[in-house]
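Top line first, the protein sequences correspond to chains W and X. Throughout, this note's numbering is defined as the position within the first sequence, counted from one, plus 10. Throughout, this note's numbering is defined as the position within the second sequence, counted from one, plus 4. Beta carbons are placed, not taken as given, at the ideal position from N, Cα and C, and that holds for glycine.
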Amino acid sequence: MTAPLDDTSILPLELTDVSFAAGGNRLIKDVTLRFEPGLKTVMIGPNGAGKSLFLRLCHGLLQPTQGSIRWQQETGADRHQAMVFQRPVMLRRSVAANIDYALKLRQISRRDRGDIIDRVLHQTGLRRLADQPARVLSIGEQQKLALARAWALEPQVLFLDEPTASLDPAAIHSVEEIIAAIHDAGTRIIMTTHDLGQARRIADEVLFINRGRILEAAPADRFFNAPENDLAQAFLRGELLW
Amino acid sequence: MTDFSDAFAAAIGLVLGLDTSLTEIVGLSLRVSLTAVAIAAFIGLPVGAAIALFRFPGRFFFVVATNALMGMPPVVVGLIVYLLLSRAGPFGVFGLLFTPTAMIVAQVLLVTPIIAALTRQVIEDLWIEYEEQMRSLGAGPGRAVPALLWDGRFTLITAILAGFGRASAEVGAVMIVGGNIDHVTRVMTTSIALEVSKGNLALALGLGMILLVLSASINAAAYLIQHNTKRWHA
Ligand SMILES: Nc1ncnc2c1ncn2[C@@H]1O[C@H](COP(=O)(O)OP(=O)(O)O)[C@@H](O)[C@H]1O
Ligand SMILES: [Mg+2]
């Protein structure tokens, strides 16, 4: 299913000659890309390649030092995006209250908030934990809560930065299921991972990044069966870790 | 030695019998220190949070001032407030010297820097952890303040308790600006100083015991809060 491409859609997202420098180093280099609605894009690449920086730039947490990042619909673009970070950040309040806080920031009325919270807790299997302090949950549960919180905002685009990096296999499995469900409900997925298996399971489209440069952007089948870039081939063989 | 045990027995008698001069002194102490701490929290929490989150002209001055004031000896604070409130001073017209209000003012000056400095530390640390997530959810530093104060609540309550401990135990400032006037500005610490010098050990000991219990309770509360935090909020 794809997100409706009406005039309220903030997509496509267009990056033109985007670079980001810090401390005299160019960490993201000359990226020109267009994210159309609908697909699941997975960015892979070695540690330190710039995956996290790239997502932060797209999400607006960082400003590019060169080039431009434009949503088709700029006004209100902020409220149609959400991001799930590598390490979940939960407020010191209950599971339900964490979601409630995010909804309140979007000025969702109290009545609607209750229904939304019930729904996303159910969809992420967290309902029995609703009244627990969020910070005592396991990391896997907290990451599911981060997904529930993001889902509650019904974003058109969801960014996820290595969302399963520190999780056990069972938690990885349920996080991947939740990501798929969020996508099925109409949200564009743009994520990073260091886990090739996960990229194969999730990606419709792959971006391969190395040292701040996007070396290959291809449909998943083509990328995994016949990568064109030498370094991408090396990475798939497990020979390019840094 | 008999003097001492007689005094001790008399002191317990005063405390258990709720002796009126004793309860009056304890009541005034609590009223002055609790009011001062409430005002100090009302000023110190937002000021500390603002210093932590915003870059504004004069910020450097605030940081230096809170840190310098935090370690200020009570007698010096008392002296400053005395000069400000004395007949010839800038606020002399209000006639506040040697009133409980003057004592509250002095204790506010003593306690506000402690609360502001600790608040700044707590909020700064939390913001480092929360910033990206908060911005992603649509809350810049301004909108995040209530949530940050709430999430720092356990540490902040401990800071407020520390402020109350300092206020209720200090003698220098209230002695100078209050004058230790019977039935008017006599609080626990100043009475103890006076009664000991007069040789009236019973009242001094009774007040001392109450002060000790108060300070032990504050520390117990602070400990329980820390303990509770670790258990529930990682
Ligand atoms: N704010 C920053 N200032 C300077 N260097 C940074 C900053 N953030 C990240 N880097 C550097 O940029 C590179 C890419 O980082 P990152 O995007 O986190 O990589 P990845 O997520 O692919 O592992 C790394 O070398 C990292 O040290
Ligand atoms: Mg990263």
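Would you tell me roughly how many angstroms separate the C-alpha atoms of residue i and residue j, rounded to the nearest one?
i	j	result
V79(X)	I108(X)	14 Å
I212(W)	A72(X)	57 Å
Q153(W)	V68(X)	40 Å
F98(X)	A44(X)	21 Å
L165(X)	R159(W)	35 Å
S104(W)	D231(W)	42 Å
D141(W)	L152(X)	20 Å
Q125(X)	A56(X)	7 Å
L136(W)	V185(W)	12 Å
N35(W)	R129(W)	45 Å
A13(W)	A195(W)	Residue placement at A13(W) is poorly supported in this model, since its pLDDT is 45, which falls under 50; the coordinates are not used for a value here.
I79(W)	L65(W)	12 Å
H69(W)	L216(X)	56 Å
E249(W)	W131(X)	39 Å
A159(X)	L122(X)	Position check: residue 159(X) holds Thr in this sequence, whereas Ala was assumed. Their backbone Cα atoms lie some 8 Å apart in a straight line.
D171(W)	D205(W)	12 Å
K202(X)	P77(X)	26 Å
V188(X)	V30(X)	12 Å
A11(X)	S221(X)	24 Å
G77(W)	G146(X)	29 Å
I224(W)	R89(W)	27 Å
I38(W)	F58(X)	29 Å
Q91(W)	S19(W)	11 Å
G212(X)	F65(X)	39 Å
F169(X)	A42(X)	Here the sequence assigns Gly to residue 169(X), which means Phe is not the residue at that position. Between G169(X) and A42(X), the C-alpha separation is close to 13 Å.
L15(W)	G144(X)	Residue placement at L15(W) is poorly supported in this model, since its pLDDT is 45, which falls under 50; the coordinates still yield a value, given next. Looking at the two C-alpha atoms, the distance is approximately 30 Å.
A175(W)	V178(X)	58 Å
Is the CB-CB distance between residue i and residue j below 9 Å?
i	j	result
T162(X)	Q230(X)	yes
M53(W)	L168(W)	no
L165(W)	I189(W)	It should be noted that the sequence gives Pro, not Leu, for residue 165(W). Against a cut-off of 9 Å, the Cβ pair of I189(W) and P165(W) comes out as no contact.
V181(X)	G82(X)	yes
V94(W)	L21(W)	no
I219(X)	A173(X)	The question names Ile, but residue 219(X) is Ser in the sequence shown. Going by C-beta atoms, S219(X) is nearer than 9 Å to A173(X).
F45(W)	L23(W)	yes
Q133(W)	A191(W)	yes
G176(X)	A15(X)	no
P74(W)	N220(W)	no
L26(X)	V36(X)	no
L101(X)	L89(X)	yes
L113(W)	A162(W)	yes
D214(W)	T51(W)	yes
I119(X)	G48(X)	yes
R102(W)	A144(W)	yes
L38(X)	R190(X)	no
I196(X)	A208(X)	yes
F234(W)	E226(W)	no
L155(W)	P98(W)	yes
I199(W)	L43(W)	no
Q96(W)	S62(W)	yes
By a C-beta neighbour count over all protein chains shown, 10 Å radius and 16 as the cutoff for buried, is residue i buried or exposed?
i	result
D155(X)	buried
I185(X)	exposed
S140(X)	buried
P179(W)	exposed
S148(W)	exposed
A236(W)	exposed
E133(X)	exposed
Q208(W)	buried
E238(W)	exposed
E187(W)	exposed
G223(X)	The residue you asked about is not Gly; residue 223(X) is Asn in the sequence shown. Exposed, because fewer than 16 other Cβ atoms sit within 10 Å of the Cβ of N223(X).
P117(X)	buried
N108(W)	buried
Q117(W)	exposed
A40(X)	buried
T202(W)	buried
A32(W)	exposed
S9(X)	exposed
H193(W)	buried
A106(X)	buried
P150(X)	exposed
F30(W)	buried
For residue i, which residues in chain A fall below 7 Å Cβ to Cβ?
i	result
M93(W)	Here the protein chains are W and X, and chain A is not one of them.
(message) Which runs of the alpha helix (DSSP H) at least 4 residues long sit entirely within the region 177 to 224 of chain X? Give them in chain order.
(response) Taking only runs of at least 4 residues, the alpha helix (DSSP H) segments lying wholly in the region 177 to 224 of chain X are 192 to 202.
(message) For a minimum of 3 consecutive residues, which ranges assigned as the beta strand (DSSP E) are wholly contained in the region 205 to 245 of chain W?
(response) Whole beta strand (DSSP E) segments, 3+ residues: 215 to 220 and 223 to 229.
(request) Jot down the residue ranges of each uninterrupted alpha helix (DSSP H) in the region 140 to 187 of chain W, minimum 4 residues, whole runs only, in chain order. (result) You should have 149 to 162.
(message) Using only Cβ atoms and a threshold of 7 Å, which residues come within that distance of a heavy atom of ligand 2? Order them by chain position.
(response) Selection output, chain order preserved: K61(W), S62(W), Q96(W), D171(W), E172(W) and T202(W).
(message) At 4 residues or longer, what runs of the alpha helix (DSSP H) sit wholly inside the region 15 to 80 of chain W?
(response) The region 15 to 80 of chain W contains these whole alpha helix (DSSP H) runs: 61 to 69.
(message) Which complete alpha helix (DSSP H) runs does the region 62 to 95 of chain X hold, if anything under 4 residues is left out?
(response) Within the region 62 to 95 of chain X, the complete alpha helix (DSSP H) runs of at least 4 residues are 63 to 74 and 78 to 89.
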